[in-house]
Amino acid sequence: MREPLTLLCLPCAGASATMYLRWRRTLPAWVQVVPVELPGRGGRIAEPFVEDFEAMVTRLCEEQRAALQGRYALFGHSMGALLAYGIARRQLARNAPLPLALMLSGSPAPTQRDTERFAHKDDDAALIADLRRQGGTPEEVFKSPDLIRLTLDVLGADYRVCESFSHAAPGNLPVPIHALAGRQDPISAERIEAWREEGTAGFTLDWFDGNHFFVRHDEPQVLATVARRLAQSVPEGSPDATRAIA
988 MREPLTLLCL
998 PCAGASATMY
1008 LRWRRTLPAW
1018 VQVVPVELPG
1028 RGGRIAEPFV
1038 EDFEAMVTRL
1048 CEEQRAALQG
1058 RYALFGHSMG
1068 ALLAYGIARR
1078 QLARNAPLPL
1088 ALMLSGSPAP
1098 TQRDTERFAH
1108 KDDDAALIAD
1118 LRRQGGTPEE
1128 VFKSPDLIRL
1138 TLDVLGADYR
1148 VCESFSHAAP
1158 GNLPVPIHAL
1168 AGRQDPISAE
1178 RIEAWREEGT
1188 AGFTLDWFDG
1198 NHFFVRHDEP
1208 QVLATVARRL
1218 AQSVPEGSPD
1228 ATRAIA
């Protein structure tokens, strides 16, 4: 029997924690899914946005302090992948417990990011074009003035988070890194495979049918892979490996 593992799941730009709620019913019982809500959306809609990457990572580490002390792994899609990476790097810098696995979905590696993409963070028309191109937004959102305004405000704030990210050197994380990617996502294979450079404890890359939101379009296969990769990173009967690695 496997020891319980907390899986902190970080949302993509413009989204809330609800994108992961269904995962609780599908992943194995030993995986305790914790959808992480960011300020300014969902249940935290009354809170001001955090629009700086390092400030967001610091805030998340403080808010999730208890979970980050135990047996845990990190999953993030798109912007969420960048936040998961930032959390892992901050834990390493503080000699704090590291994740047993780092799962990075739909995101180029830190050395391969396209910063120009976020330059139109204040242009509603360009943001709407982004939403349509990525294909993950229900049509009813575009038809509702209130919903599209809320979505654009969240997306613009999240683009500021992404724009403020800086990458000085490879992470050298002593943690297994598992990348997930969509075959029809315009992010090239080379840009995703560069995640290999960020870790020293093994790397995998799994491909799925679908565009940038393959996590939704091919969800059964994605969840099966998440469970398999977590099981590989935390074999049954393995000792607790959550202590910090110096």
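In our numbering, the protein residues as written are 988 to 1233. Yeah, the Cβ is synthetic: ideal placement off N, Cα and C, and Gly gets one too.
heavy atom of the ligand ATP below 6 Å from residue i C-beta
| i | result |
| --- | --- |
| I1179 | Absent from the structure shown: the ligand ATP. Ligands present: none. |
Cα-Cα separation between residue i and residue j, rounded to whole angstroms
| i | j | result |
| --- | --- | --- |
| Q1078 | R1058 | 14 Å |
| R1230 | P1086 | The predicted position of R1230 is uncertain, since its pLDDT is 40 and thus under 50; no value can be drawn from it. |
| A1228 | L1089 | Any reading at A1228 must be qualified, since the residue scores a pLDDT of 41, below 50, and its modelled position is unreliable; the value itself is stated next. Whole-angstrom Cα-Cα distance: 14 Å. |
| S1003 | M988 | 32 Å |
| L1134 | T1187 | 43 Å |
| R1178 | A1211 | 24 Å |
| E1206 | R1136 | 28 Å |
| P998 | P991 | 22 Å |
| A1168 | F1201 | 8 Å |
| P1226 | S1220 | Interpretation of P1226 is limited by its pLDDT of 47, a score under 50 that renders its predicted location unreliable; no figure is taken from the coordinates. |
| I1032 | T1138 | 12 Å |
| A1083 | M1066 | 23 Å |
Simplified DSSP assignment, three categories, for residue i
| i | result |
| --- | --- |
| F1062 | strand |
| H1199 | coil |
| G1143 | helix |
| D1193 | strand |
| T1005 | helix |
| T1229 | Interpretation of T1229 is limited by its pLDDT of 40, a score under 50 that renders its predicted location unreliable; no figure is taken from the coordinates. |
| L1014 | coil |
| P1161 | coil |
| S1220 | helix |
| A1188 | coil |
| V1020 | strand |
| C1149 | helix |
Local Cβ density within 10 Å of residue i, reported as buried at 16 or more and exposed below that
| i | result |
| --- | --- |
| T1303 | Coverage of the chain is limited to positions 988 through 1233, which leaves residue 1303 absent and any answer about it impossible. |
| K1108 | buried |
| D1172 | buried |
| R1215 | exposed |
| A1000 | buried |
| L1008 | exposed |
Contained alpha helix (DSSP H) runs [length at least 4] in the segment 1027-1072, N- to C-terminal order: Counting whole runs of 4 or more residues, the segment 1027-1072 contains the alpha helix (DSSP H) stretches 1040-1050.
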